[in-house]
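Worksheet: one structure, shown below.
Number of protein chains: 2
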Amino acid sequence: MFRLSKKTEYAILAMQYLAEKSGEPVSAKEIATSLGISFEFLSKSLQSLMKSGLVNSQQGIKGGYHLVGTPDVISVMDIIQAVSENVGIVECMTDSDCVRSCTCDLKDPMSVLQSKVNEVFTQTFLADLANETQNNQILKNDFKILNGIN
Amino acid sequence: MFRLSKKTEYAILAMQYLAEKSGEPVSAKEIATSLGISFEFLSKSLQSLMKSGLVNSQQGIKGGYHLVGTPDVISVMDIIQAVSENVGIVECMTDSDCVRSCTCDLKDPMSVLQSKVNEVFTQTFLADLANETQNNQILKNDFKILNGIN
DNA sequence: TGTAAATAGGACTATTGTTATCCTAATTTA
DNA sequence: TAAATTAGGATAACAATAGTCCTATTTACA
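As they're listed, the protein sequences go chains A and B.
Using the working numbering, read the first sequence as starting at 1 and increasing by one per residue.
Using the working numbering, read the second sequence as starting at 1 and increasing by one per residue.
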């Protein structure tokens, strides 16, 4: 298994929604309704994004959220880090007291992978996620076929 | 959170261990002891690798596991797929009945990410994980500093 | 031929993390 | 003041992970 949490997924989708409606504040309720997900759970993601300064919020009627910065400078890693404590692909990467550190310090297979995964997430920006259109569905289908999913 | 399961982690580490001892059968017990992990849990990973044909096994005294193929052709994706059912970064990628499919088919942010992550895992081979040496510790430390881990 | 060491794998349990909900408070506009 | 909104703590339900236990089977070798 190798999966982003729903909290992360919703954060990414919400950020993209905000990117489309650049400027005007958008309420959590509108985003939740549009994506068909739980309003209250989505709120947790938005509050985390708020804490990290990726979005700003305005309370009260006519309130809502809007992006801080433009989609071409907000990376997926920014979003992942905003909503989750640990972003390492394995425990060793985030825990300072790894029991195996003495045996795998020199040749650490996971560090190689971690670097590559990091590169993907830090070099993919909100703008990149929205740029592609029909292509994505093709990629998605290819992936499903590759994995034998009907 | 964005993490490989222990089952996957152990599978990768075990495969690398086998790669180092190319040829001779290595017992699960030896690998478990060397890595300092549960023998019985590691066995689950090895049995999955066996089912997928990435390793061969020999029962009985002097038995053990050995790689099928060389480290330069075995990809990390091969290993991930061997030990886990779902390899999509989000549910939508592996479930055919995604409730949001109608709203995000054309502009699917997750497909872009999925493709990039797939590329990392399919283009990283067992050999790549062992190639680097001192460098990895530096990368690992950089990563920890980047994330404020002491 | 018996024993020890090894894989194979089913069943089960404990733990953890995720996901979701509920509730209350604070803020803001009209 | 009322309605709509964010803020956030508490907690419950659920699912996945991680790990253990047990038994069966295979095999080398004394």
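Backbone N, C-alpha and C fix where the C-beta goes; we use that ideal spot for every residue, glycine too.
Check                                                                                                                                             : Outcome
Just grab the DSSP bridge partners of A/G64 for me.                                                                                               : A/Q58
I'd like the span of the beta strand (DSSP E) that includes B/F2, first residue to last.                                                          : F2 to L4
Below 8 Å, how does it come out for the stretch 70–78 of chain B and the stretch 114–130 of chain B: are there three or more Cβ pairs, yes or no? : yes
Mind checking which residues open and close the alpha helix (DSSP H) that includes A/E30?                                                         : A28 to L35
Can you tell me where the alpha helix (DSSP H) with B/F125 in it begins and where it stops?                                                       : It is not in any alpha helix (DSSP H) - B/F125 carries neither H nor E in the DSSP assignment.
Taking the CB atoms as reference points, tell me whether A/K29 and A/H66 lie closer together than 9 Å.                                            : no
Check the Cβ of B/A116 against every Cβ in chain A and list those closer than 7 Å, keeping chain order.                                           : Per the sequence shown, the amino acid found at residue 116 of chain B is Lys instead of Ala. Those within 7 Å of B/K116 in chain A are V120 and T124.
Quick one: is A/D72 near chain B, going by C-beta distance under 9 Å?                                                                             : no
Are A/Y10 and A/I37 close, meaning C-beta to C-beta below 9 Å?                                                                                    : yes
Using 9 Å as the limit for Cβ to Cβ distance, is A/V90 near chain B?                                                                              : yes
Let me check one thing: in DSSP terms, what residues is B/S75 bridge-paired to?                                                                   : B/F125
Please state the DSSP three-state secondary structure of B/E119.                                                                                  : helix
What's the gap between the Cα of A/T133 and the Cα of B/S45?                                                                                      : In this prediction, A/T133 has a pLDDT of 47, which is less than 50 and means its spatial position is unreliable; what the coordinates show is noted afterwards. The straight-line gap from Cα to Cα measures roughly 38 Å.
For the stretch 12–26 of chain B, which residues have a beta carbon sitting closer than 8 Å to at least one beta carbon of chain A?               : I12, L13 and Q16
So B/K116 packs on A/T124, CB below 8 Å; how close in whole Å?                                                                                    : 6 Å
Roughly how many whole angstroms lie between the Cα atoms of B/V90 and A/R3?                                                                      : 6 Å
Short check: CB of B/G69 to CB of B/L54, under 9 Å?                                                                                               : yes
Can you round the beta-carbon distance between A/S52 and A/A19 to whole angstroms, since I take them to be within the 8 Å contact cut?            : That belief does not hold up - the Cβ atoms of A/S52 and A/A19 are roughly 16 Å apart, past 8 Å.
Tell me where the alpha helix (DSSP H) around B/E40 begins and ends.                                                                              : F39 to K51
Give the residues of chain B in contact with A/E30, contact being defined as C-beta atoms less than 8 Å apart.                                    : Correct list: empty, because the minimum Cβ distance to chain B is about 14 Å.
Hey, A/L126 and A/M15: beta-carbon distance below 9 Å or not?                                                                                     : yes
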